[in-house]
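Quick note on this note's numbering: the sequence shown kicks off at 655 and runs consecutively. Just below is one structure, and these are the notes that go with it.
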Amino acid sequence: MIEIKNQKVIDWVNECASLTKPKEILWIDGSSEQLEALRKEACETGELIKLNEEKLPGCYYYRTDPKDVARDEKRTVIATERREDAGPTNNWVQKDEMYAKMRTLFDGSMKGRTMYVIPYSMGVVGSEFAKIGIEITDSIYVVLNMNIMTRIGDPVIEELNKGADFIKCLHSKAEVNAEKKYIAHFPEDDTIWSINSAYGGNVLLGKKCFALRIGSWLGRKEGWMAEHMLILCIEAPNGEKKYISAAFPSACGKTNLAMLIPPKHLQEKGYKVYTIGDDIAWRRVGADGRLYAVNRENGFFGVAPGTNSKSNNNALMTTKKNTIYTNVCRNLDDNTVWWEGLDQPAPTNGEDWLGRPWNGENAAEKGAHPNSRFTAPAENCPSIAPEFFTGEGVPISAIIFGGRRAKAEPLICQSRDWNHGVFLGSKMSSETTAAANGAVGVVRYDPMAMLPFCGYNMSDYFQHWIDMGKKMTNPPKIFNVNWFRKDDEGHFIWPGFGDNLRALLWALDRCDGKADAVETPLGYVPTKDSLDLEGLDLTDQQLDELLTVDRETWKKELEGIKEWYAKLGRLPKELTDSLERLENEL
Ligand code: OXD
Ligand code: MN
655 MIEIKNQKVI DWVNECASLT KPKEILWIDG SSEQLEALRK EACETGELIK LNEEKLPGCY
715 YYRTDPKDVA RDEKRTVIAT ERREDAGPTN NWVQKDEMYA KMRTLFDGSM KGRTMYVIPY
775 SMGVVGSEFA KIGIEITDSI YVVLNMNIMT RIGDPVIEEL NKGADFIKCL HSKAEVNAEK
835 KYIAHFPEDD TIWSINSAYG GNVLLGKKCF ALRIGSWLGR KEGWMAEHML ILCIEAPNGE
895 KKYISAAFPS ACGKTNLAML IPPKHLQEKG YKVYTIGDDI AWRRVGADGR LYAVNRENGF
955 FGVAPGTNSK SNNNALMTTK KNTIYTNVCR NLDDNTVWWE GLDQPAPTNG EDWLGRPWNG
1015 ENAAEKGAHP NSRFTAPAEN CPSIAPEFFT GEGVPISAII FGGRRAKAEP LICQSRDWNH
1075 GVFLGSKMSS ETTAAANGAV GVVRYDPMAM LPFCGYNMSD YFQHWIDMGK KMTNPPKIFN
1135 VNWFRKDDEG HFIWPGFGDN LRALLWALDR CDGKADAVET PLGYVPTKDS LDLEGLDLTD
1195 QQLDELLTVD RETWKKELEG IKEWYAKLGR LPKELTDSLE RLENEL
């Protein structure tokens, strides 16, 4: 372990220790010996279960408290001096008040426990645009997950010793008491405090808390963007590589799209797809006036149920070693894991996510929690791109927004220009999923998939998008997609998964001014013969349904957007102008 010499770090760690009163402090150096010792300790206490070393080498199983299984948006707080800075979509608490409340909860919260200090870097250590955090926690699970999701330990200490700045992240599982759970962000102080949870999204503070909530705040201040977006690379048959960045709400298939395997007919033509990121993109304008994106994470914290060889074989392969599984079902016969949607029969001798005997006979009882997860190293991913490892940005040609909507939104639609694209993102809506606590399947507006993750006033966030557009001479083209359109019998019309590449190729052709489109009140939609549909058995009627912008449906949608805008309060004129134009054209 390298000695820490940064006095700011030392003072802050001491301050946290005198508040939380741990029995000892352990600095995480990231060495394999230290991590192995922690895994062993966690297995001894029953916190982790070691899985079958032959079938799943280096893999572990973990269960959270049954009430602590998803991000908790109601208990996620943006604590600033002024309410206006957090805006109407965030839970705001005045920052001194929040500090006072949190101090009471953190007082002695680590008594009898070890306090782990995890220096970590979001991004390849020392690379341009990487940023450092230090997470203090009393959970070995957090240490081991941070080791997969970020770059931790000595190399980060070296950066800190050179005087690098850092985000102060304090976490204590405390009593894992749902009534006293808070995930509080103090963006004015580069500080995050999370208590009484042990679920990933609430406690792996580098991810949603730093890379998105604090990141979006910093991005606005410093002139860059932190977005809830995957990044992928499409290589054309002639070897040319193009990059796409896409935003979907949680559990709407970002990981699947990021690891897409082209359908056979496009593989035969020579198309290849590579993964750069599946959840978070930091972006800035390059000297050439284009938008560059990087994935600052080092692993994937993906939803397990529904992952199978058809939906996402790359993800499945990624989780075969050095992975932590949370709240999935355990197969006791061979000490492996199982979840709903895996293309393997349910275990006859299993244990469900609650630890109860389970054999899949009662279809109403799930073996794995719908938001059960895998935490897996990005380097395991068969489709990982070489660009992932350099930490340099890739130039984005197309930005894709999308939600889960049974009706209304067409398969794909191109905005008229950047500002109109910001409008398409601002009115993004989706049926809710199990990734956050609350009802599932309810349509909610989730602009740019950032509603739960924007660390400041959403109106200022839209303005920031518009301002960033002005800085680019060659901005990406913006599209909206919907893979989830259903027919009147409730069946998905579009096959989805690898076939989504067909829509992405149309988008890239549009970027080159090649593919045909028809103009609708919503923007440009593909003509029926401009999509490559070879090998799909879609009827003409189905295609019509996928590509139609139905005016009557959209008149109703318009009312919803107006109500949504009214909730947001003040809005950039560029957006209200786009809304007005939509209304006129309808
Ligand atoms: C996630 C989420 O875990 O968006 O990525 O909830
Ligand atoms: Mn996410």
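Just so it is clear, CB atoms sit at the ideal spot from N, CA and C, and this is done for glycine as well.
Exercise. Which first and last residues belong to the beta strand (DSSP E) in which N985 is found?
Worked result: In this chain, the beta strand (DSSP E) harbouring N985 covers C983 to N985.
Problem set entry | Identity of the residue in Y714, G1047 and Y897 nearest E701 by Cα | Nearest option by C-alpha distance: Y714.
For this session: May I ask whether a heavy atom of the ligand OXD can be found less than 7 Å away from the beta carbon of A941?
Result: Not so, every heavy atom of the ligand OXD lies at least 7 Å from the Cβ.
For this session: Could you name the residues of the same chain whose beta carbon sits closer than 7 Å to that of D761, not counting the 5 residues immediately before and after it, in chain order?
Result: If we look at D761 and ignore the five residues flanking it on each side, its Cβ neighbours are L673.
Exercise. With T990 and L705 assumed to form a contact (beta carbons below 8 Å), what rounded beta-carbon distance in angstroms separates them?
Worked result: Confirmed, about 6 Å.
For this session: Would you mind stating whether G684 and I806 have Cβ atoms separated by less than 8 Å?
Result: I806 sits close to G684, with the two beta carbons spaced by under 8 Å.
Exercise. Contact check, E735 vs K755 under 8 Å by CB: the rounded distance?
Worked result: Wrong, their Cβ atoms sit about 16 Å apart, outside the cutoff.
Exercise. When you compare each of L1008, C1035 and L1190 to A1022 by their alpha carbons, which one comes out closest?
Worked result: If you compare the alpha carbons of L1008, C1035 and L1190 with that of A1022, the shortest gap goes to L1008.
Problem set entry | Inter-residue spacing [alpha-carbon to alpha-carbon] between S963 and E812 | Distance from the CA of S963 to the CA of E812, rounded to the nearest whole angstrom, comes to 41 Å.
Exercise. Three-state secondary structure (DSSP) at S1211?
Worked result: The sequence shown places Glu at residue 1211, not Ser. If DSSP states are grouped into helix, strand and coil, E1211 belongs with the helices.
Exercise. Should D1258 be counted as a contact of the ligand OXD given a C-beta to heavy atom distance under 7 Å?
Worked result: No answer is possible for residue 1258: the residues shown for the chain start at 655 and end at 1240.
For this session: Check whether the Cβ of S899 lies closer than 7 Å to any heavy atom of the ligand MN, and answer yes or no.
Result: Not so, every heavy atom of the ligand MN lies at least 7 Å from the Cβ.
For this session: List the DSSP bridge partners of Q1068.
Result: According to DSSP, which records beta bridges pairwise, Q1068 is partnered with F1133 and Y1178.
For this session: Tell me where the beta strand (DSSP E) around P773 begins and ends.
Result: For P773, the enclosing beta strand (DSSP E) starts and ends at T768 to M776.
Exercise. Which of helix, strand or coil does DSSP assign to C713?
Worked result: Coil at C713, not helix or strand.
For this session: Would you list the one or two residues that DSSP bridges to N745?
Result: DSSP lists V731 as partners of N745.
Problem set entry | Rounded separation between G1095 and G1144 - CA only | Taking the straight line joining both Cα atoms gives about 14 Å.
For this session: State yes or no: is the beta carbon of K704 nearer than 8 Å to at least one beta carbon in chain C?
Result: The structure shown has no chain C; it contains just one protein chain.
Problem set entry | For A733 and T977, the rounded distance between their alpha carbons | Between the alpha carbons of T977 and A733 lies a distance of about 34 Å.
Exercise. Whole-angstrom Cβ separation of I888 and L1158, contact assumed at under 8 Å?
Worked result: Yes, they are in contact, since the Cβ atoms of I888 and L1158 sit about 6 Å apart, within 8 Å.
Exercise. Quick one: is D819 buried, meaning 16 or more other Cβ sit within 10 Å of its Cβ, or exposed?
Worked result: Classification for D819: exposed.
For this session: Out of N1034, G869 and P676, point me to the one whose CA is closest to M776's CA.
Result: When only C-alpha atoms are compared, the closest one is G869.
Exercise. Since G869 is in the alpha helix (DSSP H), which residue starts that stretch and which ends it?
Worked result: Here the alpha helix (DSSP H) through G869 covers G869 to E876.
For this session: With a threshold of 16 other CB atoms inside 10 Å of the CB of G817, please say whether the residue is buried or exposed.
Result: It is exposed - the Cβ of G817 has fewer than 16 other Cβ atoms within 10 Å.
Problem set entry | Which listed residue (I849, A1093 and I915) has its alpha carbon closest to that of E1085 | Proximity to E1085 across I849, A1093 and I915 peaks at A1093, based on C-alpha coordinates.
Problem set entry | Beta bridge counterpart(s) of T980 as assigned by DSSP | DSSP lists Y716 and R1027 as partners of T980.
For this session: Under 6 Å Cβ to Cβ from N745, same chain only, skipping five residues before and after it: list those, please.
Result: Taken in chain order, the residues that qualify are V731.
For this session: Give the range of the beta strand (DSSP E) segment to which W847 is assigned.
Result: Annotation: the continuous beta strand (DSSP E) that includes W847 extends over T845 to I849.
Exercise. What is the rounded straight-line gap between the Cα of I837 and the Cα of R757?
Worked result: As the crow flies, the alpha-carbon of I837 is around 13 Å from that of R757.
For this session: Check whether the Cβ atoms of I930 and E1041 lie closer than 8 Å to each other.
Result: In contact: I930 and E1041 (Cβ atoms closer than 8 Å).
Problem set entry | Nearest-angstrom Cα separation, counted from L1155 out to Y925 | So the two alpha carbons sit approximately 10 Å from each other.
For this session: Please confirm if the region 1000 to 1007 is in contact with the region 953 to 973, defined as three or more CB-CB distances below 8 Å between the two stretches.
Result: No: the two stretches stay apart, fewer than three of their Cβ pairs being nearer than 8 Å.
Problem set entry | Where W1245 sits in the DSSP three-state scheme | It is not possible to answer for residue 1245, since the shown part of the chain is limited to 655 through 1240.
Exercise. Looking at C-beta atoms only, is the number of pairs between the region 1022 to 1035 and the region 1109 to 1125 that lie closer than 8 Å three or more?
Worked result: No contact exists between the region 1022 to 1035 and the region 1109 to 1125.
For this session: Determine the burial state of I772: buried for a count of at least 16 other Cβ atoms within 10 Å of its Cβ, exposed for fewer.
Result: I772 should be labelled buried.
Exercise. Quick one: what's got a C-beta closer than 6 Å to T791's C-beta in the same chain, skipping five residues either side?
Worked result: Within the same chain, Y770 and H825 come within 6 Å of T791 by CB-CB distance, once the 5 residues on both sides are set aside.
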